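**Q**
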Amino acid sequence: MELFLCNRKQKNFNCRIPTAAILQIIMEHLPLIPNLENHPTPYYMYDMGLLEKTLKQAAEASGRYGYHMHYAMKANHQKEILTAVNQHGLGVDCVSGYEVQAALDLGFDPSEIVFAGVGKTDAEIRLALQNDIFCFNCESVEELQVISAIAEMEKMTARVALRVNPGVDAGTHHHITTGLTENKFGIQLPHLQKALQICAENIHLHFMGLHFHIGSQITSNEPFINLVHRVNWIWDHYNINDYGPCMLNLGGGLGVDYENPLLNPMPDFAAFFAMISSNLNIPDHISIHFEPGRSLVAQCGSLITRVLYVKEGLHKQFIIADAGMTEIMRPALYGARHRIDNLSRSTGQVKTYDVVGPACESSDVFASDLRLSSTHRGDLLAIRSCGAYVQSMTLNYNLRPAAEPVFYYPSFNRLKSLFEGIPEPFMQKAV
Ligand SMILES: Cc1ncc(COP(=O)(O)O)c(C=O)c1O
269 MELFLCNRKQ KNFNCRIPTA AILQIIMEHL PLIPNLENHP TPYYMYDMGL LEKTLKQAAE
329 ASGRYGYHMH YAMKANHQKE ILTAVNQHGL GVDCVSGYEV QAALDLGFDP SEIVFAGVGK
389 TDAEIRLALQ NDIFCFNCES VEELQVISAI AEMEKMTARV ALRVNPGVDA GTHHHITTGL
449 TENKFGIQLP HLQKALQICA ENIHLHFMGL HFHIGSQITS NEPFINLVHR VNWIWDHYNI
509 NDYGPCMLNL GGGLGVDYEN PLLNPMPDFA AFFAMISSNL NIPDHISIHF EPGRSLVAQC
569 GSLITRVLYV KEGLHKQFII ADAGMTEIMR PALYGARHRI DNLSRSTGQV KTYDVVGPAC
629 ESSDVFASDL RLSSTHRGDL LAIRSCGAYV QSMTLNYNLR PAAEPVFYYP SFNRLKSLFE
689 GIPEPFMQKA V
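If you read the sequence shown in the numbering used here, its first letter stands for residue 269, the second for the next number, and so on.
1) So what's alanine 650 in DSSP terms, helix, strand or just coil?
2) Using a threshold of 7 Å, state whether the C-beta atoms of valine 409 and alanine 468 are closer than that.
3) Report yes if the C-beta distance between leucine 571 and cysteine 654 is below 7 Å; otherwise report no.
4) Tell me the DSSP bridge mates of methionine 557?
5) For glutamate 580, write down the residues that DSSP places opposite it in a beta bridge.
6) Please tell me whether proline 533 and glutamine 567 are closer than 7 Å, where the distance is taken between their beta carbons.
7) Out of curiosity, what's the CA-to-CA distance linking asparagine 470 and asparagine 517?
8) Taking 6 Å as the cut-off, is the C-beta of glycine 519 nearer than that to any heavy atom in ligand 1?
9) Could I get the ranges of all uninterrupted beta strand (DSSP E) runs contained in the stretch 595-632, with 3 residues as the minimum, in chain order?
10) On the premise that valine 633 lies in contact with alanine 343, defined as a C-beta separation below 8 Å, what is that separation, rounded to the nearest angstrom?
11) List the DSSP bridge partners of asparagine 405.
12) Taking a contact to mean a Cβ-Cβ separation below 7 Å, would you say tyrosine 333 touches serine 545 in this structure?
13) Aspartate 637 by DSSP, collapsed to three states: which one?
14) In angstroms with no decimal places, state the Cα-to-Cα distance between glycine 359 and valine 436.
15) Return yes when at least one heavy atom of ligand 1 lies under 6 Å from the C-beta of histidine 481, else no.
16) By how many angstroms is the C-alpha of valine 382 removed from the C-alpha of tryptophan 503?
17) According to the Cβ coordinates, are phenylalanine 675 and methionine 316 closer than 7 Å?
18) Determine the burial state of tyrosine 738: buried for a count of at least 16 other Cβ atoms within 10 Å of its Cβ, exposed for fewer.
19) Report, in whole angstroms, the separation of the C-beta atoms of phenylalanine 475 and glycine 519, which I expect to be a contact under 8 Å.
20) For alanine 539, count the other beta carbons within 10 Å of its own beta carbon; 16 or more makes it buried, fewer makes it exposed. Which is it?
21) Using only the alpha-carbon positions, how far apart do leucine 638 and lysine 619 sit?
22) In the DSSP assignment, find the alpha helix (DSSP H) that holds phenylalanine 537 and state where it starts and stops.
23) What did DSSP end up calling asparagine 470 once you bin it into helix, strand or coil?
24) Please find out if some non-hydrogen atom of ligand 1 comes closer than 6 Å to the beta-carbon of lysine 562.
25) Give the DSSP-derived three-state secondary structure of glutamine 244 in the structure shown.
26) If you follow the beta strand (DSSP E) that aspartate 361 is part of, which residue opens it and which one closes it?
27) Per DSSP, which residues does isoleucine 381 bridge with? Please list them.
28) Is it buried or exposed for glycine 646, if we count other Cβ within 10 angstroms and need 16 for buried?
29) Excluding five sequence neighbours on each side, which residues of the same chain lie with their C-beta closer than 7 Å to the C-beta of proline 491?
30) Can you tell me which of the three DSSP states serine 484 falls into?
31) Is aspartate 361 near ligand 1 - that is, is its Cβ less than 6 Å away from at least one heavy atom of it?
32) Of all the options His307, Glu305, Tyr311, Asn306, which has the alpha carbon lying nearest to the alpha carbon of arginine 668?
33) Based on Cα-Cα distance, which residue from Ala589, Phe404, Ser555 lies nearest to glycine 625?
34) In this structure, does DSSP put serine 570 in helix, strand or coil?
35) Under 7 Å Cβ to Cβ from glycine 689, same chain only, skipping five residues before and after it: list those, please.
36) Among residues of its own chain, excluding the 5 on either side of glutamine 346, which ones have a beta-carbon nearer than 7 Å to its beta-carbon?
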């Protein structure tokens, strides 16, 4: 059963003639365009109103079951986004010491910070320990031994959850699947008993519970139901209760609609948590945690780019934009497809284009055979669903400088940008 609007078929990706409903949404944003024109491109634009709504809905839906959420900071670590997340009472999930430090600097309560990752350095472990974070999500027996040795040196006790690789297929792109036995993540089931034993025997380790994360951009129920049933089985089969656990962390992974982001700006959080609750069967006193990233922030961001050239090929017409794989790596990395709108002209004659970036790589392609209103040099394009794993993954390749973010706060009807004060020459438009 497909609960979360599935983008795997991608059947509508190549048609960008706006429907009436989409046109209306684009029109609502038109008053912004004079402001958008003023910024040097490319840049990331964040709709902070949509972010607020999404965080509110997710927090309400999880709160109904007493579930805890730790936002996966890797999706987007912009200060404004993290501040909104903090204000909605979510914790954070970090995957490096730098992320742990950023969370602390922004005022997240250490008791709301979890720390995962297969390659934590000694310095990162020490930093997290000294700051008394909620829990390490420990990914191997080897790491467990290092954490315990460092905790002993520091004369402390480390709170650890064991990240288990459950062998559950997330049914998503193979580069964002993490819960299969061939993946590097988590402790394999044959090693779980040993890890539990180490926790039980070591006074510098405090066993908190189990952690799972099977992958990202999961758009149907089935992988989550399989995960939860597997968790029920593992809890029982490995007698987890005997080790005194207090928590279970089910990770992130909930997908978003990349095909129709304007019509479906957020996933059905209520249905998601209801599904988890009705399938999970572990003792009531265990607190349940999640680490959503993409589902919270993907749809609030667009990458705004200007058309540099419309180039005639032999068999194709290329739109060459001033944003490329350096600003949005997902198409080159995973073959991901994002909706693209021409903000400068949404009506008129429709043509077929390949939309590409300027980087010296053949994989720097956003769309092939895209049907888009007739496009010209200087037009502004919006590449949608760029709030997650886009700005946080930027590259410096070809010595391109980082594109800046612009934050749109509808409640104040104002754009907050980092460009304020940038000298005139950098603000030029295409001629
Ligand atoms: C351990 C862990 N938790 C949470 C997430 C967030 O996943 P998503 O953005 O799909 O919700 C990730 C992302 O890969 C992850 O590796």
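Virtual Cβ for every residue (Gly too), placed ideally from N, Cα, C. From a predicted model like this one, the values you see are computed outputs, not experimental measurements.
**A** In this structure, then:
1) Residue mapping note: residue 650 aligns to position 382 of the sequence shown, counting from 1. It is a strand residue.
2) Numbered from 1 along the sequence shown, position 141 holds the residue referred to as residue 409. Numbered from 1 along the sequence shown, position 200 holds the residue referred to as residue 468. It is not a contact, given that the beta carbons lie outside the stated cut-off.
3) Walking along the sequence shown from the start, residue 571 turns up at place 303. Walking along the sequence shown from the start, residue 654 turns up at place 386. Contact flag set, yes.
4) Counting from 1 along the sequence shown, the entry for residue 557 is found at position 289. For the record, residue 557 in the displayed sequence is histidine; it is not methionine. Partner(s): His336, Asn517.
5) One-based indexing of the sequence shown puts residue 580 at position 312. Looking at the DSSP assignment, glutamate 580 forms a beta bridge with Gln585.
6) Looking up residue 533 in the sequence shown gives position 265. Looking up residue 567 in the sequence shown gives position 299. A contact, by the Cβ cut-off of 7 Å.
7) On the sequence shown, position 202 is the one that residue 470 refers to. On the sequence shown, position 249 is the one that residue 517 refers to. Going by the C-alpha atoms only, they are around 22 Å apart.
8) Position 251 of the sequence shown, counted from the first residue, corresponds to residue 519. Yes, the beta carbon of glycine 519 sits closer than 6 Å to at least one heavy atom of ligand 1.
9) 608-610, 618-624
10) In the sequence shown, the residue the question calls residue 343 occupies position 75. In the sequence shown, the residue the question calls residue 633 occupies position 365. In fact, because the Cβ distance is near 23 Å, the residues do not count as touching under 8 Å.
11) The residue given as residue 405 occupies position 137 in the sequence shown. Asparagine 405 pairs with Ala429.
12) Reading the sequence shown from its first residue, position 65 is the one you call residue 333. Reading the sequence shown from its first residue, position 277 is the one you call residue 545. In this structure, serine 545 lies closer than 7 Å to tyrosine 333 by Cβ.
13) Within the sequence shown, residue 637 is the residue found at index 369, counting from 1. In the structure shown, aspartate 637 sits in a strand (DSSP, three-state: E or B).
14) Translated into positions along the sequence shown, residue 359 becomes position 91. Translated into positions along the sequence shown, residue 436 becomes position 168. One C-alpha to the other measures close to 26 Å.
15) The residue given as residue 481 occupies position 213 in the sequence shown. It does: the Cβ of histidine 481 is within 6 Å (strictly closer) of some heavy atom of ligand 1.
16) Residue numbering aside, residue 503 sits at position 235 when the sequence shown is read from its first letter. Residue numbering aside, residue 382 sits at position 114 when the sequence shown is read from its first letter. The alpha-carbon atoms of tryptophan 503 and valine 382 are separated by roughly 21 Å.
17) Locating residue 675 in the sequence shown gives position 407, counting from the first residue. Locating residue 316 in the sequence shown gives position 48, counting from the first residue. Yes, the Cβ-Cβ distance between phenylalanine 675 and methionine 316 is below 7 Å.
18) A question about residue 738 goes unanswered here, because the residues of the chain that appear run from 269 up to 699.
19) Position 207 of the sequence shown holds residue 475. Position 251 of the sequence shown holds residue 519. With a Cβ gap of about 18 Å, phenylalanine 475 and glycine 519 do not count as contacting.
20) What you label residue 539 is simply residue 271 of the sequence shown in a count that begins at 1. Label assigned to alanine 539: exposed.
21) Residue 638 sits at position 370 when you count from the first residue of the sequence shown. Residue 619 sits at position 351 when you count from the first residue of the sequence shown. Going by the C-alpha atoms only, they are around 8 Å apart.
22) The count along the sequence shown starts at 1 and reaches residue 537 at position 269. Residues 537-547.
23) Stepping through the sequence shown from its first residue, residue 470 is reached at position 202. Looking at asparagine 470 - three-state DSSP - the assignment turns out to be coil, as it is neither helix nor strand.
24) Looking up residue 562 in the sequence shown gives position 294. According to the sequence as given, residue 562 is arginine; it is not lysine. Yes, the Cβ of arginine 562 comes within 6 Å of a heavy atom of ligand 1.
25) A question about residue 244 goes unanswered here, because the residues of the chain that appear run from 269 up to 699.
26) Working through the sequence shown from its first residue, we reach residue 361 at position 93. 359-362 is the extent of the beta strand (DSSP E) around aspartate 361.
27) Indexing the sequence shown from 1 puts residue 381 at position 113. Paired residue(s): Val360.
28) To locate residue 646, count along the sequence shown from 1; it is residue 378. The residue is exposed, with fewer than 16 neighbouring Cβ atoms inside 10 Å.
29) The sequence position of residue 491 within the sequence shown is 223, counting from 1. Same-chain partners within the cutoff: Val436, Asp437, Ala438, Gly439, Ile482.
30) Taking the sequence shown and counting its residues from 1, one reaches residue 484 at position 216. In the structure shown, serine 484 sits in coil (DSSP, three-state: anything other than H, G, I, E or B).
31) Taking the first residue of the sequence shown as 1, we reach residue 361 at position 93. It does: the Cβ of aspartate 361 is within 6 Å (strictly closer) of some heavy atom of ligand 1.
32) One-based indexing of the sequence shown puts residue 668 at position 400. Measuring from the Cα of arginine 668, the nearest candidate turns out to be Tyr311.
33) For the purposes of this step, residue 625 is taken as residue 357 along the sequence shown, with counting starting at 1. Of the listed residues, the one whose Cα sits closest to glycine 625 is Ala589.
34) To locate residue 570, count along the sequence shown from 1; it is residue 302. Strand at serine 570.
35) As a first step, residue 689 must be located in the sequence shown, where it is residue number 421. Caution applies to glycine 689, whose pLDDT of 42 falls short of 50 and renders its modelled position unreliable; the value that the coordinates give is listed next. The answer is none, since no qualifying residue turns up.
36) Locating residue 346 in the sequence shown gives position 78, where the first residue counts as 1. Here the set comprises Gln659, Pro673.
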